[in-house]
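Residue numbers (the working numbering): 6 to 229. These notes are about the structure you will find just below.
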Amino acid sequence: MRIVLRIGGSVVASPVNTDLMNKYAEMVLTLKGEGHEVAVVVGGGALAREFIGIAKKLGLEEQSQDEVAISVSRLFAQLFLKKLGGMGCGKVALTLDDAVECLNTGKVLLMGGLKPGITTDAVAALVAERVNADLLVKGTDQDGVYNKDPRKHADAVKLNHVSFDDLADVFSESKHKAGIHQIIDPEAVKIMKREHIKLIVVNGFKPDNILAAVNGESVGTVVN
Ligand code: UTP
């Protein structure tokens, strides 16, 4: 399978968890060993938000806030790439063309942000669209998609399966803001729905969940 793996900055980088980063690197190599093609898109987590805050305090506009957050996400992508050694592409992909070129060599693609005004979820969806991925797995800081925000509602119920259409009901924000954190970016959902890309949202603090999702086991929330 061609898999896009979106690792939340909220998972590996808020605070930075090097044990978990090591586990993810191992997991990616396991997926490669199983014969999958793997693209990894990482976010910048708390450090990206810190830089967004600094940019804000400096009076810089939203686009500049996004730009510094993108730089941070690319640093994390670079770290993952270094951990993969020869199995990863030589450089962090900065464009979708870079992404295609990398995957065509049979190596693991690493990417952070792409451009201002979007999130890394949307980047993952754009990569999935461009390379015709079979599956996008998002490792996040919740067990999956809930019928309402579990951080605000104690009676929120986790959904094992939800359609792209019904997903729209669980979003609180539909407009981009630098540093916004939602279970999945509505912009990414639009792309996946249009391109019929299957999405599985799992708890990213347990990388085994990613393997389980790829192997078709029941974990997290399946969106299609
Ligand atoms: P994300 O919110 O996508 O990363 O990007 P994350 O840290 O992995 O987030 P979680 O774990 O899903 O919460 C962080 C910020 O970087 C900017 C945006 O401001 C975004 O909120 N960004 C990221 C861009 O502007 N463009 C991109 O392509 C990616």
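Note that CB positions come from ideal geometry on N, CA and C, so glycine has one too.
Buried/exposed call for residue i, threshold 16 Cβ in 10 Å
i              : result
aspartate 170  : exposed
alanine 159    : exposed
serine 223     : exposed
valine 162     : exposed
asparagine 220 : exposed
proline 233    : The chain is shown only over 6 to 229; residue 233 falls outside these bounds and no answer can be derived.
glycine 38     : exposed
Beta-carbon proximity check, residue i vs residue j, cutoff 8 angstroms
i            : j           : result
leucine 115  : alanine 82  : yes
alanine 18   : alanine 51  : yes
leucine 89   : alanine 30  : yes
valine 105   : valine 136  : yes
leucine 204  : lysine 153  : no
cysteine 94  : valine 77   : no
glycine 149  : glycine 225 : yes
histidine 41 : glycine 122 : no
Start-to-end residues for the beta strand (DSSP E) that takes in residue i
i             : result
glycine 144   : 140–145
threonine 226 : 226–228
leucine 115   : 114–116
valine 43     : 42–47
For residue i, the first and last residue of its enclosing alpha helix (DSSP H)
i              : result
lysine 203     : Counting along the chain, lysine 203 falls outside any alpha helix (DSSP H), though it belongs to the beta strand (DSSP E) covering 203–208.
alanine 60     : 50–62
valine 9       : That residue, valine 9, is in no alpha helix (DSSP H); its beta strand (DSSP E) goes 7–12.
glutamate 67   : 67–89
methionine 197 : 191–200
glutamate 39   : Neither: glutamate 39 is in no alpha helix (DSSP H) and is coded neither H nor E.
threonine 125  : 125–135
Contacting residues, own chain, Cβ-Cβ under 6 angstroms from residue i (five flanking each side not counted)
i             : result
glutamate 134 : Ile196, Glu200
isoleucine 57 : Gln70, Ala74, Ala183, Gly184
aspartate 190 : Thr124, Asp126, Ala127
leucine 10    : Val45, Val142
valine 227    : His166, Ile205
glutamate 55  : none
Alpha carbon of residue i to alpha carbon of residue j, nearest angstrom
i                 : j              : result
glycine 111       : leucine 216    : 20 angstroms
leucine 34        : asparagine 208 : 20 angstroms
leucine 246       : asparagine 27  : Past the edges of the chain, shown from 6 to 229, lies residue 246, and the structure says nothing about it.
alanine 129       : aspartate 139  : 12 angstroms
lysine 157        : tyrosine 151   : 11 angstroms
leucine 131       : leucine 63     : 31 angstroms
arginine 79       : valine 167     : 31 angstroms
alanine 218       : leucine 164    : 15 angstroms
lysine 87         : arginine 7     : 22 angstroms
glycine 247       : valine 97      : Because the chain in this structure spans residues 6 to 229, residue 247 falls outside the shown range and cannot be described.
leucine 172       : threonine 23   : 32 angstroms
asparagine 229    : glutamate 72   : 31 angstroms
phenylalanine 210 : threonine 100  : 28 angstroms
glycine 117       : lysine 198     : 22 angstroms
leucine 84        : isoleucine 188 : 24 angstroms
aspartate 103     : isoleucine 12  : 19 angstroms
isoleucine 202    : proline 20     : 31 angstroms
Nonlocal neighbours in the same chain, by C-beta distance under 7 angstroms from residue i, ignoring five residues either side
i           : result
serine 15   : Gly50, Thr145, Asp146, His186
proline 155 : Gln147, Ala161
Closer than 7 angstroms: residue i CB and nearest the ligand COA heavy atom
i           : result
leucine 119 : The model depicted lacks the ligand COA and carries the ligand UTP instead.
CB contact below 8 angstroms: residue i versus chain D
i             : result
glutamine 147 : Any reference to chain D falls outside this structure, which holds one protein chain only.
Own chain, CB closer than 8 angstroms to residue i, minus 5 neighbours either side, in chain order
i            : result
glutamate 66 : none
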